[in-house]
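This report concerns only the one structure given below.
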Amino acid sequence: MLEEKVWTIAVLDATVPKLQAQVLLTSQLTFKLIGLEDELRRERELLEQERREADDLRTELGHPKLRERIHSEPILKDAAPKE
C-alpha cells in the first residue's frame, strides 16, 4: 500500500487556489499512476506463473505447451491431395 504523501508549493500569494488545486491534482494523479503500475506488474507476474503451471500440467498429460508453435505442412487451398 502506498504511503500517503503530501506535496506542497510555496505560494507568495495565498489567494491563488488554482495553483494549489493543480498541485493537489497532480500529486493525486501521480500516486494513482504509481499504484496502477504496481498492480499491473503484479498481474503480469501472476499471469506468467499461471502460464508456467498450465504448461507444466499440459506437459504431464503429453500435450504441447499453450504457446508452443506446432510445425506442420501448410494446407494449400484448392490443392488436390497427394496419393
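If you read the sequence shown in this note's numbering, its first letter stands for residue 1, the second for the next number, and so on.
We put the CB at the ideal spot given by N, CA and C, even for glycine.
Fair warning: this is a prediction, and the values are worked out from it, not measured in the lab.
Leaving out five residues before and five after residue i in sequence, what residues of the same chain have Cβ atoms less than 7 Å from its Cβ?
i, result
"M1", "Any answer about M1 is weak, because its pLDDT of 46 lies below 50 and its placement is not dependable; what the coordinates show is given next. There are no such residues."
"L33", "none"
What are the boundary residues of the alpha helix (DSSP H) that includes residue i?
i, result
"K18", "P17 to E60"
Output needed for residue i: all residues of its chain with C-beta closer than 8 Å, excluding positions within five of it in sequence on either side, in chain order.
i, result
"L57", "none"
"L66", "R51, A54, D55 and R58"
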